[in-house]
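Going left to right, the sequence shown walks through residues -18 to -1, 1 to 913 as mature numbering (1 follows the signal peptide of the UniProt record, and there is no 0) numbers them.
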Amino acid sequence: MHKFAFLFIIFAVFCGNAAEPKFYQGKDYQLDYSRSIAVSIRQPDGTFAPFLSRISFDAADKDWNFFFRTGGFQAVETERRPECDVIRFEYRFTGPQAGRVALTGVIEAYPEWLKISFDGRYRGDMKEIFRQRLIFSYPREELRLLGSAADNGPEGGSCGLRLESDPPLQLSYNRKQKNSSTRLEWPGKDGEHRLNLVLALTPYCGRPPVFSRLSKQPVQARFEFQRYCNVILDGDRREAVFRLLNRTGRPLKLDTRFEIRDHRGEPVASPALKLAAEPGKATEQAVPLPVDRYGYFELRLDLPDAAPLRQSFCILPPTERKFKKGSIFGGILYPWNRKTVEKLDLMEWIGMSMIRRAWPVLPEGAAMPALPESGVYTPEQAAAYLREQAVRQLEPVPSAAESLRMPPGTFRLTEAANEVNARRLPVDFAEEMKIEYVKLKQHDPALQVGSSGIAGVDIHWLEEFQQNGAWDYMDALFVHLHCFPRAPEVNNTMTREFWLHDRVTLLRGLMDRFGAKPVYDSENGYLTRYPDRRVEKYPLRSVSESGIAAAFMVRSYLQALAYGLSNKMWFTVDSYGGFGITEYGQPRPAYPAYAAMTRLLDGARYAGELLSPGRISNAMDRDAEFSRSWFGQATPGLEKELLAADRETVESSRNPELKPYVYIRAFRTPENRPLLACWATLYRQKVEAEAIDTPAWQDQKPGTSLLWNGFPAEREPEPLPVRFRVGVPEVEVADLMGNRRKVRTDNGFLTLRLDDYPQFVLGAAPELLREAEHFSLNLFPAEFQPNDKWKTLIQAVLPAEKKHPARKSVFDKPNLSATLKAGEPYPVHLRLTNLGSETERGTASLQLPENWKCEPQSIPFTIAPGEEKKIVATFHVTPSGESAKAQITGVVASARQGRIADSVMNVGVSSSQNDSRKDMIDKPKKGQTRY
């Protein structure tokens, strides 16, 4: 465009009436560019609803001090072409560096989509700028753009906008701020930085757009399925719709074939496919899927002028579960994803019975009940709030705050918090746990209150938590048994690693000392390949091959059933950067494996072991060569030595004498028949073998797959033959995906070739149950224990700052709240919370290490009902000498309640003289320079 014409446009932009409405009417959207880039979407009833409020930019330092941020926007239509309207715009900015940034661009408004091109320039040094963001704002919660990499409709809503970008963007959603944002790169040097960004926004209502607006591929193809995440239920037609877009300038006609492979990469079928599309046209056709079994399947199609097509689907067994209620099978929807009824369907279809948190999941367009002024929903409102979970028999496990908003009787169980041991000291969280427990019991006496979900099995933290009296202020223990990429059977006789599923057995020792409680695993998952995102900076060596991840998941549940866990909530059902058992709107092998597992184990109860580490039952064929070799623990009896796992990862522990563990585990079905789960631990871990060539995984090297003995797996290990008595002429054997085959036995003996993928034997003789019950591993109670030990007066000991510091990590053994100096007085505060209905009076004192001094010895207190976190006493303690770790214990006795639960604070004590010398060394004298 001629420069004078462009100057005229800019003049028109800034001199025109900024408040004048400026609209473009598309086929299914309205663009309002009066004050910002705002888009409304056509709804099923023909009306238009606001969806995108604005697109803005900002830049800030680490402390969120802004250098510049969007302060204004003006735009003007400059051209009307036959295919689109052209709108030019300019942003204005506020902030101390606003004068250094300029941002202009062009909107090409097509009837069916929007193309927005941004041209930005920043003059200056960007080293101080830590955050450079692009922000999409919405008019209300739960609206969000559909990312082009996802293609799963419910994530973006049934009516919304699909976002594509060049370069690709990875958005993060913020529910409170009602926006999605991403970090932007402004590349440049010598004080000149440029931003070049192109967005494509495609509106939709109903089915999301299939093909990319920004793709440069001449041919695009895709299979589409009737149900969310490409799930085919048992009664559905086994077919897909194949869609093809021909962007070439010539007709496309081709006879070809596509492949169908199973979860282990084995060929299943190779159906014929006839393709035809005129230039610039899209076509579709129904394609039968000749698959006669359940499970996970991958579609593979390679076409000329097109990227290789790889899509997955699954075929599930019947969804009915007669004994689902109260089962061990639970799951999690990732908290920051959109919550939809389609995702609840995903959970129902595979037999989940419990869902972590009590999210409001409503059909799209349904209004959420308004919270009354009392802060508690009525029973009718609560039923409406949780109706979608209830109709699917999904029991929510809410947070404490969610429990208090619902009327008594709504929930059976609550979870206090999430992984507090990673960031909070035991003394710090104990006060909060006690307060929450009392409030929840006062709100709903029948509600069972669980602990925070603990990251790993942090025995040291839990012991100190109990020292603070918190054991009497929880009805169940919640743990997180993440152990990826390692198999769930890896234990501390093999390695000093902390993140092990098997460490849950250590909780039995705590219960023997402090009291038994049911155990819930509220997070357990495996990370699999997800090219577009590297969540939480996990290394590529932690990424499991997806087939083995499915096997490890099933084995995690088989272990949990044997140990007596009450529920395991799988992390996650929907997408979370590779943790999801569905990703990119498609199933991973773990999704149908979960369905097969719950179908086979529906109503079954753990009976015992026929074959496992440390157990060889009479069912084993004593003449079989395999049963004569010992395949037990690497270092029996060494658990105590290795209890103090002190690091996150360690060099692999190799033991050439360690043989794979082999399991034949018996379950009693509702018909009192045996169900045998059989597997062998050939791999300790099996990880992605290839690098991932995307920006998210750049410079990340793949890990090494390990055999059970810790040595690298140079080739696929051979299955182990196991021969055992089943006592009948014929049995059924089901594979990981639930497919059954009849197998004749040899005079009542069955031989199976076992590997990492569990097989299930049905129809064995009932007497095997009695044999298995001789060796049963149940460790934890299924029922909640009565608890009348809690009191409404709660104390907390505090350091001088009146606030405990953060815990360093789960490997922080000292857990220090402060470092004192020997011989110098130090203030220690004691605060109380009175959740009772009467005033409490009594005395407070401190219990100190020997030879320490305390002034005063005790302090009387009075605290009114309802007062929380009131400091009632300040003591000055003087340590007698150095100590790496010492404990200060608050002792509070009330006239009404007697002595209440202690509060125990860990401190270190350094030498005052050594500190003085250190100061002299560290502080240079006047005129000196430190080098």
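Note that CB positions come from ideal geometry on N, CA and C, so glycine has one too.
Cβ-Cβ distance between residue i and residue j below 8 Å
i	j	result
Thr727	Val708	yes
Val669	Pro467	yes
Gly567	Tyr512	no
Leu775	Lys867	no
Asn549	Met329	no
Ala532	Leu718	yes
Ala41	Phe50	yes
Leu127	Ala577	no
Ala340	Pro286	no
Ser862	Gly890	no
residue 969	Phe393	Outside the displayed range of the chain (-18 to 913) lies residue 969, so it cannot be described from this structure.
Leu593	Met602	yes
Pro642	Leu702	yes
Thr510	Ser526	yes
Gly142	Tyr92	no
Val873	Leu736	no
Ile436	Asn474	no
Tyr739	Thr554	no
Same chain, Cβ closer than 6 Å to residue i, five either side skipped, listed in chain order
i	result
Thr844	Arg823
Arg405	Ala788, Arg789
Same chain, Cβ closer than 8 Å to residue i, neighbours up to 5 away in sequence not counted
i	result
Ala372	Ala365
Glu2	Ser16
Ala673	Leu522, Trp679, Gln682, Lys683, Pro684
residue 981	Since the displayed the chain opens at -18 and closes at 913, residue 981 lies outside it and no answer follows.
Leu255	Phe224, Asp237, Thr238, Arg239, Phe240, Val269, Leu283
Among the options, nearest to residue i - alpha-carbon criterion
i	options	result
Val358	Met388, Asn161, Glu397, Met493	Met388
Asn600	Arg723, Leu482, Phe731, Arg516	Phe731
Tyr367	Pro345, Tyr588, Pro796	Pro345
Leu444	Tyr11, Val792, Thr52, Ile530	Val792
Asn769	Ser154, Pro78, Lys423	Lys423
Pro569	Tyr278, Pro253, Phe48	Tyr278
Lys198	Gln375, Leu640, Arg229, Ile23	Arg229
Leu166	Val854, Val201, Asp327, Leu116	Leu116
Glu72	Gly188, Leu13, Val88	Val88
Leu326	Thr487, Cys211, Thr510, Ala254	Cys211
Pro300	His858, Val213, Ala91, Ile23	Val213
Ala883	Ala877, Thr871, Ser892	Thr871
Ile332	Gln12, Arg209, Val343, Ala575	Ala575
Trp168	Pro190, Ile111, Phe30	Ile111
Arg282	Phe224, Phe857, Ile69	Phe224
Pro149	Leu179, Arg374, Glu137, Asp556	Leu179
Asp556	Gln541, Ala572, Tyr545, Gly247	Ala572
Tyr276	Glu362, Lys304, Asp218, Phe311	Asp218
Limits of the alpha helix (DSSP H) - the one that residue i falls within
i	result
Arg275	Taken as a continuous stretch (DSSP letters only), Arg275 belongs to no alpha helix (DSSP H), as it is neither H nor E.
Asp410	408 to 425
residue 915	Since the first residue of the chain shown is -18 and the last is 913, residue 915 is not available in this structure.
Ser385	382 to 386
Ala366	361 to 367
Ala398	Note, Ala398: premise wrong, no alpha helix (DSSP H); not H, not E.
Ala544	528 to 545
Glu753	749 to 754
Anticipated Cβ contact below 8 Å, residue i with residue j, distance rounded
i	j	result
Arg243	Val250	6 Å
Lys499	Asp457	7 Å
Phe118	Asn161	6 Å
Leu183	Tyr120	Not a contact, Cβ separation roughly 13 Å.
Ser434	Phe411	7 Å
Ala826	Ala855	5 Å
Ala586	Leu751	Not quite, the Cβ-Cβ distance comes to about 11 Å (not below 8 Å), so this is no contact.
Gly720	Arg581	6 Å
Own chain, CB closer than 7 Å to residue i, minus 5 neighbours either side, in chain order
i	result
Arg105	Arg82, Gly173, Glu174
Arg666	Arg468, Ala469, Val472, Leu688, Leu689, Trp690, Gly692
Ser894	Lys803, Ala804, Gly805, Glu806
Thr617	Because the pLDDT of Thr617 is 34, which lies under 50, any placement of that residue in the model is unreliable, and the number read from its coordinates should be weighed accordingly. Excluding sequence neighbours, Thr617 sits near Thr475.
His442	Lys795
Endpoints, the beta strand (DSSP E) within which residue i is located
i	result
Arg51	48 to 62
Trp661	656 to 662
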